[in-house]
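Inspection log for the structure reproduced underneath, given as structure tokens.
In our numbering, the protein residues as written are 2 to 304.
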């Protein structure tokens, strides 16, 4: 539980922020439709709570203290978030529901988002709120209603729908290729092996699946997301090992090429998951039905 003694009022934060912009209690009071003494009192109470002076007078002019300047950045973030949340709720009618969906970032941008076209027309009362997956327990903690993830089987306390598997292929910019074709896959290490932080074993397994081994399979710059790997490969930083369905567009456009024709099926797959207790919640059920339609549509990712 938060200690309420250390939670200043929104009015106090508004007064502080207004005074920082005008460097005047009087002009801040006029903006907020308060008296000058009321604004001054709010700031004084805030200083007492923080145990730091937020303003000082220098030659009869008001200036922010270092503590005040530090606090200002945090206060503006808080007020902006409160304002955004208020607009967010005001923009929907009483019959509108928000459906929170978490997804791995590159998967969400490359595969999921194109398959949401038409959702709003069919379900105008269900507003989608998409966010990048950060924690495996987003569902259990109530931060998401549904979650896409890559793994093996269901997570505890959830029902999971298997979507599809993947094949990993090496890709690089056409200009990165040497004049002579490769004669064995380990020569890819000469281009620099781009590493993905979520798949540290990927290059080793890819070489091993062909009966090859290289001491360089764990060497190379490491990137947090597949999208970073895609961009790094595109600009010539090296060769990336990526799920083929995530780079179909670049391969078709010739922005990326496959330097060695070996696709390794992953042991894991992509799933859509939701809490067990939410299986019959209408908005969850409708989204699951929508995704099943998308899997069966011509847009299905090539594997």
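Quick reminder that beta carbons are idealized off the backbone N, C-alpha and C, glycines included.
Within the continuous alpha helix (DSSP H) that includes residue i, where are the two ends?
| i | result |
| --- | --- |
| residue 46 | 37–51 |
| residue 23 | 11–23 |
| residue 129 | Counting along the chain, residue 129 falls outside any alpha helix (DSSP H), though it belongs to the beta strand (DSSP E) covering 127–133. |
| residue 56 | No alpha helix (DSSP H) holds residue 56; the beta strand (DSSP E) holding it covers 56–59. |
| residue 62 | No alpha helix (DSSP H) contains residue 62, which is instead part of the beta strand (DSSP E) from 62–65. |
| residue 203 | 203–209 |
| residue 121 | 120–123 |
Can you name the start and end residues of the beta strand (DSSP E) that residue i belongs to?
| i | result |
| --- | --- |
| residue 99 | 98–104 |
| residue 159 | 159–165 |
| residue 150 | 147–152 |
| residue 243 | 240–244 |
What are the partner residues of residue i, as DSSP defines its beta bridges?
| i | result |
| --- | --- |
| residue 173 | 258 |
| residue 197 | 224 |
| residue 31 | DSSP output for residue 31 lists no bridge partner at all. |
| residue 168 | 266 |
Rounded to whole angstroms, how far is the Cβ of residue i from the Cβ of residue j, which I believe are closer than 8 angstroms?
| i | j | result |
| --- | --- | --- |
| residue 222 | residue 196 | 7 angstroms |
| residue 149 | residue 105 | 7 angstroms |
| residue 56 | residue 64 | 7 angstroms |
| residue 287 | residue 79 | Their Cβ separation, rounded to whole angstroms, is 35 angstroms, which puts residue 287 and residue 79 out of contact at 8 angstroms. |
| residue 73 | residue 21 | 5 angstroms |
| residue 32 | residue 13 | So it is not a contact: roughly 15 angstroms between Cβ atoms. |
| residue 17 | residue 76 | 6 angstroms |
| residue 173 | residue 257 | 7 angstroms |
| residue 50 | residue 68 | In fact, because the Cβ distance is near 12 angstroms, the residues do not count as touching under 8 angstroms. |
| residue 271 | residue 146 | Actually they do not touch by this definition, with Cβ atoms about 18 angstroms apart. |
| residue 175 | residue 255 | 7 angstroms |
| residue 103 | residue 134 | 4 angstroms |
| residue 194 | residue 218 | 7 angstroms |
| residue 30 | residue 44 | No, residue 30 and residue 44 are not in contact; Cβ-Cβ is about 11 angstroms, not under 8 angstroms. |
| residue 83 | residue 11 | 7 angstroms |
Which runs of the beta strand (DSSP E) fall wholly inside the segment 247–294 and span at least 3 residues, in chain order? Taken in chain order, the whole beta strand (DSSP E) runs of length 3 or more contained in the segment 247–294 are 270–276.
Contact between the segment 238–251 and the segment 108–119: three or more CB pairs below 8 angstroms? Three or more pairs of CB atoms, one per stretch, sit closer than 8 angstroms, so the segment 238–251 contacts the segment 108–119.
Given 8 angstroms as the limit, is there contact between the segment 235–242 and the segment 117–124, that is, 3 or more CB pairs closer than that? No: fewer than three Cβ pairs fall under 8 angstroms.
Indicate whether the contact test is met: 3 or more Cβ pairs, each with one atom in the segment 263–282 and one in the segment 159–178, closer than 8 angstroms. Yes, they touch.
Is the segment 156–165 in contact with the segment 176–194, if contact means three or more CB pairs nearer than 8 angstroms? The segment 156–165 is not in contact with the segment 176–194.
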